[in-house]
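Enquirer: Residue numbers (our numbering): 105 to 196.
C-beta: ideal position from N, C-alpha, C; glycine also.
These numbers were taken from a predicted model, which means no experiment stands behind them.
For reference, the structure I am asking about is given below.
So, in structure tokens, the structure goes:
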């Protein structure tokens, strides 16, 4: 991983973005302290997805979406319009 100061990054942004596009990582330092990291877009998404799965907030699919698409809609205790009206009542 390459470490650069904020001023160096600003002066050579295109160069560092090319490096990130090629799969590199850039650590951004502000007065010698790390403040950010530039990584390829897909890598961030993969890490975030894995963290969500590990925390139990995301359950990966099994690839069969037809069961969900063919299922009846959920029966909710209130209509969506009623819920929105109730939520917005304090703003009127």
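Alpha carbon to alpha carbon, what distance is there between residue 144 and residue 169?
Expert: Their backbone Cα atoms lie some 29 Å apart in a straight line.
Enquirer: Here's the rule I'm using: 16 or more other beta-carbon atoms within 10 Å means buried, otherwise exposed. How should residue 157 be labelled?
Expert: With fewer than 16 Cβ atoms within 10 Å of its Cβ, residue 157 is classed as exposed.
Enquirer: Residue 189 to residue 131, Cα distance in whole Å?
Expert: So the two alpha carbons sit approximately 47 Å from each other.
Enquirer: Output needed for residue 133: all residues of its chain with C-beta closer than 8 Å, excluding positions within five of it in sequence on either side, in chain order.
Expert: Result list for residue 133: 107, 108, 109, 110 and 139, in chain order.
Enquirer: Does residue 178 pass the burial test, meaning 16 or more other C-beta atoms within 10 Å, or should it be called exposed?
Expert: Result: exposed.
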